Amino acid sequence: MSILVYALHYEGEFNKNSLGAVSEGAKLAKELGGEAAAVVVGGDDLTDELCATLGNYGVSKVYRAKAPEGLAQPVVDVMAKVIQDEGFKYALFGGGLLGFEIGAGLTARLGAGVTMEVTAVKAQEGKLVAERPILQDSAIVDVGYVSEPGIIIGRLNAFDIAEGGDGSAEVVDVDVQLEDHSTKAVMVQRGEQRGADVNIEDADILVAGGRGLGKAEGFELCESLAEALGGAVAATRAVVDAGWYPYAAQIGQTGKTVAPKLYLAAGISGAIQHKVGMQGSENIVAINKDPNAPIFEFSDLGIVGDLNKILPKLTEAVKAKKG
Amino acid sequence: MKICVLVKEVPDAAVEKRMDEGTKRLDRSGETTLNQFDTHAIEAAMQIREGGAVEVDEIVAVTMAPSEAGRTLNKAVALGADRSVHLTDDSLAGSDVAATGYALAKVLEAESPDLVLLGQQSADGECYTIGAVVADHLKMPSLTQVIKLDVEGGKLRCERQAEYGYDTVEVELPAVISVGDAINEPRYPSLKAIMGAKKKPRDTKSAGDVGIEADRVGEQGSRTEVIAINPPPQKEAGEIIEDEDTNETVEKVVAWLEERKLLA
Numbered sequence: 000m001s002i003l004v005y006a007l008h009y010e011g012e013f014n015k016n017s018l019g020a021v022s023e024g025a026k027l028a029k030e031l032g033g034e035a036a037a038v039v040v041g042g043d044d045l046t047d048e049l050c051a052t053l054g055n056y057g058v059s060k061v062y063r064a065k066a067p068e069g070l071a072q073p074v075v076d077v078m079a080k081v082i083q084d085e086g087f088k089y090a091l092f093g094g095g096l097l098g099f100e101i102g103a104g105l106t107a108r109l110g111a112g113v114t115m116e117v118t119a120v121k122a123q124e125g126k127l128v129a130e131r132p133i134l135q136d137s138a139i140v141d142v143g144y145v146s147e148p149g150i151i152i153g154r155l156n157a158f159d160i161a162e163g164g165d166g167s168a169e170v171v172d173v174d175v176q177l178e179d180h181s182t183k184a185v186m187v188q189r190g191e192q193r194g195a196d197v198n199i200e201d202a203d204i205l206v207a208g209g210r211g212l213g214k215a216e217g218f219e220l221c222e223s224l225a226e227a228l229g230g231a232v233a234a235t236r237a238v239v240d241a242g243w244y245p246y247a248a249q250i251g252q253t254g255k256t257v258a259p260k261l262y263l264a265a266g267i268s269g270a271i272q273h274k275v276g277m278q279g280s281e282n283i284v285a286i287n288k289d290p291n292a293p294i295f296e297f298s299d300l301g302i303v304g305d306l307n308k309i310l311p312k313l314t315e316a317v318k319a320k321k322g
Numbered sequence: 000m001k002i003c004v005l006v007k008e009v010p011d012a013a014v015e016k017r018m019d020e021g022t023k024r025l026d027r028s029g030e031t032t033l034n035q036f037d038t039h040a041i042e043a044a045m046q047i048r049e050g051g052a053v054e055v056d057e058i059v060a061v062t063m064a065p066s067e068a069g070r071t072l073n074k075a076v077a078l079g080a081d082r083s084v085h086l087t088d089d090s091l092a093g094s095d096v097a098a099t100g101y102a103l104a105k106v107l108e109a110e111s112p113d114l115v116l117l118g119q120q121s122a123d124g125e126c127y128t129i130g131a132v133v134a135d136h137l138k139m140p141s142l143t144q145v146i147k148l149d150v151e152g153g154k155l156r157c158e159r160q161a162e163y164g165y166d167t168v169e170v171e172l173p174a175v176i177s178v179g180d181a182i183n184e185p186r187y188p189s190l191k192a193i194m195g196a197k198k199k200p201r202d203t204k205s206a207g208d209v210g211i212e213a214d215r216v217g218e219q220g221s222r223t224e225v226i227a228i229n230p231p232p233q234k235e236a237g238e239i240i241e242d243e244d245t246n247e248t249v250e251k252v253v254a255w256l257e258e259r260k261l262l263a
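Residue numbers (numbering that gives the first Met the number 0), protein chains in the order written: chain A, 0 to 322; chain B, 0 to 263.
This is the structure in structure tokens:
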């Protein structure tokens, strides 16, 4: 076997980024002349039927272990065992928080090389080479592995979901004795939704606010403009963590991925974790007072100025234009 | 309780970061400073000390850096650390994430802290992973991106945002915790703290001092190799408007939106 892919699930459903990674792993394994398998870790909702569906994305086998969910270290124990017992050459993860933690833990456990934030993987002379953007995406390095296994942690949305496998994967139960330290973190509450349940994924127009709004009340400016444009309001992780706006409206690494016709970013610097959730938008407009903000590197229209002055006037002008 | 805070020396924000084509490593010449993400970890340590739920005997700033690292460690101490440890050795140059995590774990092993804190990422490497690497070597439980941290009954109660919302996790000590930048607003050091920083003890350790095996660090201990450095795909530069007359700016923006049929 050549590539082992971690598939994250929650409440009986696989994570989209994991399905992308499973598809990518299957494709790459074929190019290497080998096979890919998936590994799942959790409780009773990992039914035979659910696990077997990973075959749709190209893997022939699914290793399943019973262990606590939502924490990285139990998965490190499971994957280390499967990789060593079955001789996998690579471990692959889609974007997301857990993938980073599990991949890093495996790196230490197996004395392996790791590349993170990977945007593409290619097979070259029977080996995998990971493409990784560095220094705020100003350069891309090709990273190879000098030993096995190699750990590859994808960036959010790096890998496309591709159905077209044989439909059903063989499910193999794995019995793993967890390391002591892997049992010393206990999930008290998982997946708490903070703030109102808002829908931003269906909107054609999004007005997104970041720390540059200055305070929670700053979102009123975004809401007025969104209303005038007929769109919805989105937010960055920083302001959601600060409690200024609901988690359901968050774009990026641990939030939503969107691709509206217009994405208007107000007071958002444009960190990579945000960029990965909105760079597919058709038109990106950014307002920021810092001319060096990274967001201007990937916006179609950038306005360097004070959003407190610009947003109210823009709202009025849009209203007037739309009648 | 003894807290070790891992800190990193990074190029100053004003220095343009670039890769050295010859060594395929980050060019580390020029002014350096304390990674700003790490200031949140030092502040978190200070808040545990001041919170009173547990007695904090010592806060130690730990770094691995090729240079003298004076500015970085002085800043870490000025922000609240009682002393600092500087791991430096020519054999460490060129270490990748795996090798760096191993080396830091060996220094920490020698310190034997109850809690290891670090920032969520470095401003230059953007790896997000060093905490989890260190934790596995130390065989300690670990969480990254923690935005609320409380000590309760000898355990940590941590909150963080993960894939499906906010998670609350109880973690036994000793543990390795990386904190997100939303966890706190780091304080500004007082003039007195800045002046006093140079007088606080600083230990300089070599790889041999902490039992680092030479073949597991540096270029030869690294399991990845940079094969090539390429420019990113060219994206057409966007239009930029400097807002001087806001009425005029808004007019231009509306015209731009209209042209793209976004005001229909």
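Every residue gets a Cβ at the ideal spot worked out from N, C-alpha and C, and that includes glycine.
Computed from a predicted model, the values in this text were never measured in an experiment.
Would you please state the rounded distance, in angstroms, between the beta carbons of I146 of chain B and G179 of chain B? I believe it to be under 8 Å.
5 Å
* Leaving out the 5 sequence neighbours to the left and right, which residues in its chain are closer than 7 Å to V96 of chain B when beta-carbon positions are compared? -> C126, T128, I129, V132
In terms of alpha-carbon separation, which member of B:A192, B:Q46, B:V170, B:S189 lies closest to T182 of chain A?
-> B:V170
Who are the Cβ neighbours of N183 of chain B in its own chain at under 7 Å, not counting the five residues just before and after it? H39, E42, A43, Q46
Practice item. Answer with buried or exposed for A213 of chain B, where buried requires no fewer than 16 other C-beta atoms within 10 angstroms of its C-beta. Key: exposed
Count the other CB atoms, across all protein chains shown, that sit within 10 Å of the CB of K105 of chain B; report buried if there are 16 or more and exposed otherwise.
buried
By DSSP's criteria, R131 of chain A is part of a beta bridge. Which residues make up the other side? Secondary-structure assignment with DSSP links R131 of chain A through a beta bridge to A:V140.
Report buried or exposed for S28 of chain B, applying the criterion of at least 16 other Cβ atoms within 10 angstroms of its Cβ.
-> The residue is exposed, with fewer than 16 neighbouring Cβ atoms inside 10 Å.
*Indicate whether at least one CB of chain A lies closer than 8 Å to the CB of L271 of chain B.*
Residue 271 of chain B lies beyond the residue range present for chain B, which begins at 0 and ends at 263; the question has no answer from this structure.
request  = With DSSP as the reference, please indicate the residues paired to I302 of chain A in a beta bridge.
outcome  = A:I286, B:I240
What does D214 of chain B reach in chain A if we use C-beta pairs closer than 8 Å? Correct list: empty, because the minimum Cβ distance to chain A is about 11 Å.
By alpha-carbon positions, which one of A:E219, A:A233, A:E216, A:V187 ends up nearest to L205 of chain A? L205 of chain A has its Cα closest to that of A:A233, out of A:E219, A:A233, A:E216, A:V187.
| query | In the structure shown, what three-state DSSP assignment does E147 of chain A receive? | reply | The answer is coil: DSSP assigns E147 of chain A none of H, G, I, E or B.
*For the beta strand (DSSP E) that T143 of chain B lies in, which residues bound it at each end?*
141-151
Note to self: Between which residues of its own chain and G24 of chain A is the CB-CB distance below 6 Å, once the five residues before and five after are set aside?
What the structure shows: Counting only Cβ-Cβ distances below 6 Å, and skipping sequence neighbours, we find I2, V4, A35, L91.
Among B:N73, B:V115, B:A109, B:N246, which has the Cα closest to the Cα of S177 of chain B? B:V115
Can you look up P230 of chain B in the DSSP assignment and give me helix, strand or coil? coil
Would Y89 of chain A count as contacting chain B if we go by Cβ distances under 8 Å?
Taking 8 Å as the CB threshold, Y89 of chain A stays off the interface with chain B.
Exercise. So, does the CB of M115 of chain A fall closer than 8 Å to a CB anywhere in chain B?
Worked result: yes
- With a cut-off of 8 Å on the beta carbons, I'd call L261 of chain A and L261 of chain B a contact; round off their distance for me. 5 Å
Exercise for the section: Please say whether I294 of chain A and A248 of chain A have beta carbons closer to each other than 8 Å? Expected result: no
TODO: Spell out whether any CB of chain B is found under 8 Å from the CB atom of N14 of chain A.
DONE: yes
- Query: Can you tell which of A:A37, A:I152, A:H8, A:V81 has its C-alpha closest to the C-alpha of D43 of chain A?
  - Reply: A:H8
Residue span of the alpha helix (DSSP H) that contains H180 of chain A, given as start and end = Where H180 of chain A is concerned, there is no enclosing alpha helix (DSSP H), given that its DSSP letter is neither H nor E.
Nearest candidate by alpha-carbon position, reference P112 of chain B, set B:E67, B:A60, B:A75: B:A60
Distance, Cα to Cα, G301 of chain A vs K251 of chain B? Rounded to the nearest angstrom, the two C-alpha atoms are 11 Å apart.
Report yes or no: is there a C-beta of chain B within less than 8 Å of the C-beta of H180 of chain A? For H180 of chain A, the closest Cβ of chain B is nearer than 8 Å.
Point to revise | Residue span of the alpha helix (DSSP H) that contains P105 of chain B, given as start and end | key: Before going on, a small fix: residue 105 of chain B reads as Lys here, not Pro. Residues 96-110.
### Local conformation of V9 of chain B per DSSP, three classes
strand
- [ ] Could you pull the start and end residues of the alpha helix (DSSP H) that R108 of chain A belongs to?
- [x] 96-109
So A177 of chain B is in the beta strand (DSSP E); what residue range does that whole segment cover? First, the amino acid is wrong: residue 177 of chain B is Ser here, not Ala. Per DSSP, the continuous beta strand (DSSP E) segment holding S177 of chain B begins and ends at 174-178.
* Asked: Opposite T31 of chain B in the DSSP bridges: which residues?
  -> B:P10
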